[in-house]
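Chemist: Residue numbers (the working numbering): 2 to 615. Idealized CB from N, CA, C, for every residue including glycine. Owing to the predicted nature of the structure, the values given are computational and were not obtained by experimental measurement.
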Amino acid sequence: MKAPEFICQRFAVGLTRFSNRSVKSGQKARKVQQLTKKFKAIISVCLPKVFVCHKLVSRLRISPKKKQTNMMKFILPLFMLIASCLGSPVSQTRRFPSDFLWGVASSSYQIEGGWNADDKGESIWDFLTHTHAEKIVDQSNGDISSDSYHQWKRDVQMVKELHAGTYRFSLSWPRIMPGGYMNHVSTAGIKYYSNLIDELLRYNITPMVTIYHWDLPQRLQELGGWTNPEIIPLFKDYARLVLEMYGDRVKIWTTINEPWHVCEHGYGVDYMAPSYNYPGIPAYLCGHNLLKAHAEVVHMYRELFQPRQGGRIGITLDTSWPEPKDPNSAEDREASERAMQFYVGWFGHPIFSKHGNYPKVMIERIRNLSKEQGFGARSRLPEFTTEEIHRIRGTSDFFGINSYTSNLVTSNGHNNTGKFPVPSFNHDMGVVESQAGVDWPGSGSVWLKVYPKGMYNLLMWIHREYNAPEIIVTENGVSDRGGLEDYARVDYYNQYLSAVLDAMEDGVNISGYIAWSLMDSYEWKAGYTEKFGLYHVDFSSPERTRTPKISARVFAQICKTNTIDWSYRPKLDDEQQLVAMAQLPAEEQMARTSGASGAISWSLTGLLLLALLR
Ligand code: NOJ
2 MKAPEFICQR FAVGLTRFSN RSVKSGQKAR KVQQLTKKFK AIISVCLPKV
52 FVCHKLVSRL RISPKKKQTN MMKFILPLFM LIASCLGSPV SQTRRFPSDF
102 LWGVASSSYQ IEGGWNADDK GESIWDFLTH THAEKIVDQS NGDISSDSYH
152 QWKRDVQMVK ELHAGTYRFS LSWPRIMPGG YMNHVSTAGI KYYSNLIDEL
202 LRYNITPMVT IYHWDLPQRL QELGGWTNPE IIPLFKDYAR LVLEMYGDRV
252 KIWTTINEPW HVCEHGYGVD YMAPSYNYPG IPAYLCGHNL LKAHAEVVHM
302 YRELFQPRQG GRIGITLDTS WPEPKDPNSA EDREASERAM QFYVGWFGHP
352 IFSKHGNYPK VMIERIRNLS KEQGFGARSR LPEFTTEEIH RIRGTSDFFG
402 INSYTSNLVT SNGHNNTGKF PVPSFNHDMG VVESQAGVDW PGSGSVWLKV
452 YPKGMYNLLM WIHREYNAPE IIVTENGVSD RGGLEDYARV DYYNQYLSAV
502 LDAMEDGVNI SGYIAWSLMD SYEWKAGYTE KFGLYHVDFS SPERTRTPKI
552 SARVFAQICK TNTIDWSYRP KLDDEQQLVA MAQLPAEEQM ARTSGASGAI
602 SWSLTGLLLL ALLR
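1) For the ligand NOJ, is there a heavy atom less than 7 Å away from the beta-carbon of glutamine 219?
2) Should serine 108 be counted as a contact of the ligand NOJ given a C-beta to heavy atom distance under 7 Å?
3) Taking 7 Å as the cut-off, is the C-beta of phenylalanine 533 nearer than that to any heavy atom in the ligand NOJ?
4) Where do the N-terminal and C-terminal ends of the beta strand (DSSP E) with tryptophan 567 fall, by residue?
5) Got a sec: does the ligand NOJ put a non-hydrogen atom nearer than 7 Å to the Cβ of glutamate 486?
6) Say yes only if the C-beta of asparagine 495 is nearer than 7 Å to one or more non-hydrogen atoms of the ligand NOJ, and no if none qualify.
7) Spell out a yes or no on whether the stretch 482-492 and the stretch 431-441 are touching, meaning 3 or more CB-CB pairs, one atom from each, closer than 8 Å.
8) Quick check on serine 480: buried or exposed, where buried means 16 or more other Cβ atoms within 10 Å of its Cβ?
9) Would you kindly check if the distance between the Cβ of arginine 250 and the Cβ of proline 208 is under 8 Å?
10) Under a three-way DSSP split, which group does asparagine 477 fall into?
11) Provide the residue(s) that pair with isoleucine 515 in DSSP beta bridges, ordered along the chain.
12) Does the stretch 560-568 come within contact of the stretch 523-531, defined as at least 3 CB pairs closer than 8 Å?
13) Quick one: Cα of threonine 317 to Cα of methionine 456, how far?
14) Would you mind listing the beta strand (DSSP E) stretches within the stretch 488-555 that are 3+ residues and don't spill past its ends, in chain order?
15) Between methionine 183 and the rest of its own chain, which residues show a CB-CB distance below 6 Å, the 5 nearest in sequence each way excluded?
16) By DSSP, does serine 412 sit in helix, in strand, or in coil?
17) State the CB to CB distance for the pair threonine 228 and leucine 286, rounded to an integer number of angstroms; the pair is presumed to be in contact (CB under 8 Å).
18) Just grab the DSSP bridge partners of glutamate 434 for me.
19) Rank Val160, Trp322, Gln590 by C-alpha distance to the C-alpha of arginine 554 and give the top, closest one.
20) To the nearest angstrom, how far is it from the Cα of threonine 17 to the Cα of histidine 262?
21) With leucine 459 as the anchor, note down where its alpha helix (DSSP H) starts and where it stops.
22) Rounded to whole angstroms, what is the Cα-Cα separation between asparagine 290 and leucine 217?
23) Sorted by chain position, which residues of the same chain lie with C-beta nearer than 8 Å to lysine 450's C-beta, five sequence neighbours on each side aside?
24) Could you tell me which residues DSSP pairs with aspartate 319 in its beta bridges?
25) If you draw a straight line from the C-alpha of glutamine 222 to the C-alpha of glycine 166, how long is it?
26) Look up tyrosine 359 in the DSSP assignment and say whether it is helix, strand or coil.
27) Quick check on tryptophan 448: buried or exposed, where buried means 16 or more other Cβ atoms within 10 Å of its Cβ?
28) On the three-pair Cβ rule with 8 Å, is the stretch 398-405 touching the stretch 337-344?
29) Please list, in chain order, all residues of the same chain as isoleucine 145 whose beta carbon is under 6 Å from its beta carbon, the five residues on each side excluded.
30) Report the residue from Val186, Asn477, Phe540, Pro275 whose alpha carbon sits nearest the alpha carbon of leucine 224.
31) Exposed or buried, alanine 84, counting other C-beta atoms within 10 Å across all chains shown (16 or more means buried)?
32) Find out if the Cβ-Cβ distance for the pair alanine 527, asparagine 477 is shorter than 8 Å.
33) Please report the residue range of the alpha helix (DSSP H) in which tryptophan 153 lies.
34) Using a Cβ-Cβ cut-off of 7 Å (strictly less than) and excluding sequence neighbours within five positions of tryptophan 462, which residues of its own chain qualify?
35) How about serine 354 and arginine 368: do their beta carbons lie closer than 8 Å?
36) Below 8 Å on the Cβ atoms is my guess for alanine 240 versus valine 186; work out the distance and round it to an integer in Å.
Written out as structure tokens, the structure is:
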């Protein structure tokens, strides 16, 4: 290593240690950390220049006898340094740390297919899509999907092509335990994930495994799913098995993906399986059991597995950022804060806050509303015992967050301006969300509009609220309706990653970023109509052929260089053009091919004419 780089590095390490130490001592220290980061950026630009200047000047042949020489040797470098630093935009050097975790993600039901392959059991998504196809936009299902049950080797190749160091995928509970219970463990299921993990490790890719990403065994749903406390020991049994099977090779785990979605979208409204559509009560029972189940698994991991396996375990929460509709209105700002407490705090406060338990605002609002609604003294939000509060607090080694977009929020008026069902989660929260009137660019999903500042605000909120935890952005990305020339996705990643960098420069401890998604897949109720992939999947080909989109090449460049290069906008190569052409409707293909052959025959005629004239 060259001397300037070495000194810069030592200097930066020292500063980081200093700032890390001081961040523990509270709010004031955060300012120190921010200043340190900025100072570090300046130093890393300027310090190497001092050395270069000094070297240049020492090479100047100035007579050693002259007294001024020594002065010159000192002043000249200083002068050159100031001049060069003045013109040097520090922002140009913005880069992610060299040990930053880059990843791509998927989930079992969304990509695997093989819904009844070998002895796999039925999941709640198999059940929903088979019994209520009308609830899915294109009446499709995940029976085959991207067929990763057979194409997993190609998936690993793609992660490798992307230069992503981490692949975040999930395990299907009914593939491993078809009925949800230990009495029947599928050898084929166990082997499938074991092979996938080995293949990843062969290419030095870190597997990051989500134990539960929404595909509950249907048999357990018939017992009430997450609303039945019985789910706690059952989830623990399932987790024990997978930790035993894969923990020697998997060093980063998350228990549950997006508890808010599992509970409110699964039980409160008719949005995700099991589509209970029963507002205001079961979602809170689900959340209560889910938090306890999560905590039990983490305790078990820490006691039985972590000491010998040495991995880490956490949870992934999710939210859109609630931007106050009118930033000057105290009421809208309160609505924003309340929305964060209901969306993130519901699960975040019990696990990450100093005192644990649900957020005060949730406890009070739901208790008061329950009373008003005639539920008596028992709140619809269950209560934890003191012992439970302690058991849940601190059960995550990092803060996983999924986020895609933002909403404008304002308070729900006393006369229920939001027209929410009573009781319901939304009515309890008392916040009206909307994206009406915003000038944020849209996407392939109605709910997803591009507002990168929201990502910055969200990361800053988590940092402040939970005393600077280590954060991993476990999902972020954007949908479209198809195509390989996805420059809008390129813009999205560049902009959202810049927002992540802004937060890091302002002191937020973000250690990784995982793009959603590795490839096009089954987007739940939107079926195959919304595409989030870096890789295009041809759902009509038997092999479910995968082709990189433009965004895959850009994301690969980001992972490789740790920087965002706004000017990098590659074009489709020949192979991609063929695939893009094949996606076009038949008439358009014809028109283009005849256009191309027309152009060829015209140029041939031209050549012939030239030859004759000569
Ligand atoms: C979050 C979920 O975890 C994932 O399954 C889904 O596809 C994305 N959001 C996009 O909607």
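Modeler: Per the coordinate set shown:
1) Sequence index remark: in the sequence shown, residue 219 carries index 218 (1-based). For the ligand NOJ, not one heavy atom lies less than 7 Å from the Cβ of glutamine 219.
2) To locate residue 108, count along the sequence shown from 1; it is residue 107. Flag set: Cβ of serine 108 near the ligand NOJ.
3) In the sequence shown, the residue the question calls residue 533 occupies position 532. Checking the Cβ of phenylalanine 533 against the ligand NOJ gives yes.
4) The sequence position of residue 567 within the sequence shown is 566, counting from 1. That residue, tryptophan 567, is in no beta strand (DSSP E); it is neither H nor E in DSSP.
5) Stepping through the sequence shown from its first residue, residue 486 is reached at position 485. Result no, Cβ not under 7 Å from the ligand NOJ.
6) For this step, residue 495 is matched to residue 494 along the sequence shown. Checking the Cβ of asparagine 495 against the ligand NOJ gives no.
7) no
8) Against the sequence shown, residue 480 aligns to sequence position 479. So serine 480 counts as buried.
9) Your numbering for residue 208 matches position 207 in the sequence shown. Your numbering for residue 250 matches position 249 in the sequence shown. Yes, the Cβ-Cβ distance between proline 208 and arginine 250 is below 8 Å.
10) By one-based count along the sequence shown, residue 477 stands at place 476. Looking at asparagine 477 - three-state DSSP - the assignment turns out to be strand.
11) For the purposes of this step, residue 515 is identified with residue 514 of the sequence shown, where counting begins at 1. Answer is Gly104.
12) no
13) Looking up residue 317 in the sequence shown gives position 316. Looking up residue 456 in the sequence shown gives position 455. Their backbone Cα atoms lie some 16 Å apart in a straight line.
14) 511-517, 536-538, 547-549
15) For this step, residue 183 is matched to residue 182 along the sequence shown. Closer than 6 Å at Cβ, skipping near neighbours: Asp238.
16) In the sequence shown, counting from the first residue as 1, residue 412 sits at position 411. DSSP places serine 412 in strand when its eight states are reduced to three.
17) The sequence position of residue 228 within the sequence shown is 227, counting from 1. The sequence position of residue 286 within the sequence shown is 285, counting from 1. Yes, they are in contact, since the Cβ atoms of threonine 228 and leucine 286 sit about 4 Å apart, within 8 Å.
18) Taking the first residue of the sequence shown as 1, we reach residue 434 at position 433. Glutamate 434 pairs with Val410.
19) Working through the sequence shown from its first residue, we reach residue 554 at position 553. Taking only the C-alpha atoms, the option nearest arginine 554 is Val160.
20) By one-based count along the sequence shown, residue 17 stands at place 16. By one-based count along the sequence shown, residue 262 stands at place 261. Because threonine 17 sits at a pLDDT of 38, beneath the cut-off of 50, its placement in the model cannot be relied upon, and the point is left open.
21) Residue 459 sits at position 458 when you count from the first residue of the sequence shown. Residues 453-466.
22) Counted from its first residue, the sequence shown places residue 290 at position 289. Counted from its first residue, the sequence shown places residue 217 at position 216. Their Cα atoms are separated by approximately 14 Å.
23) Walking along the sequence shown from the start, residue 450 turns up at place 449. Only Thr406, Ser407, Gln436, Val439, Trp441, Pro442, Gly443, Ser444 meet the Cβ criterion.
24) Position 318 of the sequence shown holds residue 319. DSSP, once it has assigned bridges, lists Asn403 as partnering aspartate 319.
25) Counting from one through the sequence shown, the residue named residue 222 turns up at place 221. Counting from one through the sequence shown, the residue named residue 166 turns up at place 165. Straight-line Cα distance between these residues: approximately 36 Å.
26) Taking the sequence shown and counting its residues from 1, one reaches residue 359 at position 358. The answer is coil: DSSP assigns tyrosine 359 none of H, G, I, E or B.
27) For this step, residue 448 is matched to residue 447 along the sequence shown. Counting Cβ neighbours within 10 Å, tryptophan 448 comes out exposed, since fewer than 16 surround it.
28) no
29) For the purposes of this step, residue 145 is taken as residue 144 along the sequence shown, with counting starting at 1. Excluding residues within five positions, the ones whose Cβ falls inside 6 Å are Gly114.
30) To locate residue 224, count along the sequence shown from 1; it is residue 223. Minimum Cα distance to leucine 224 is reached at Pro275.
31) One-based indexing of the sequence shown puts residue 84 at position 83. Bear in mind that a pLDDT of 42 at alanine 84, under 50, signals an unreliable position, so the number given afterwards is only what the model happens to contain. Alanine 84 comes out exposed.
32) What you label residue 527 is simply residue 526 of the sequence shown in a count that begins at 1. What you label residue 477 is simply residue 476 of the sequence shown in a count that begins at 1. For alanine 527 and asparagine 477, no; Cβs fall outside 8 Å.
33) As a working mapping, residue 153 is identified with position 152 in the sequence shown. Where tryptophan 153 is concerned, the enclosing alpha helix (DSSP H) stretches over 149-162.
34) Residue 462 sits at position 461 when you count from the first residue of the sequence shown. Hits under 7 Å: Met341.
35) The sequence position of residue 354 within the sequence shown is 353, counting from 1. The sequence position of residue 368 within the sequence shown is 367, counting from 1. No, they are not a contact pair.
36) As a first step, residue 240 must be located in the sequence shown, where it is residue number 239. As a first step, residue 186 must be located in the sequence shown, where it is residue number 185. No, alanine 240 and valine 186 are not in contact; Cβ-Cβ is about 13 Å, not under 8 Å.
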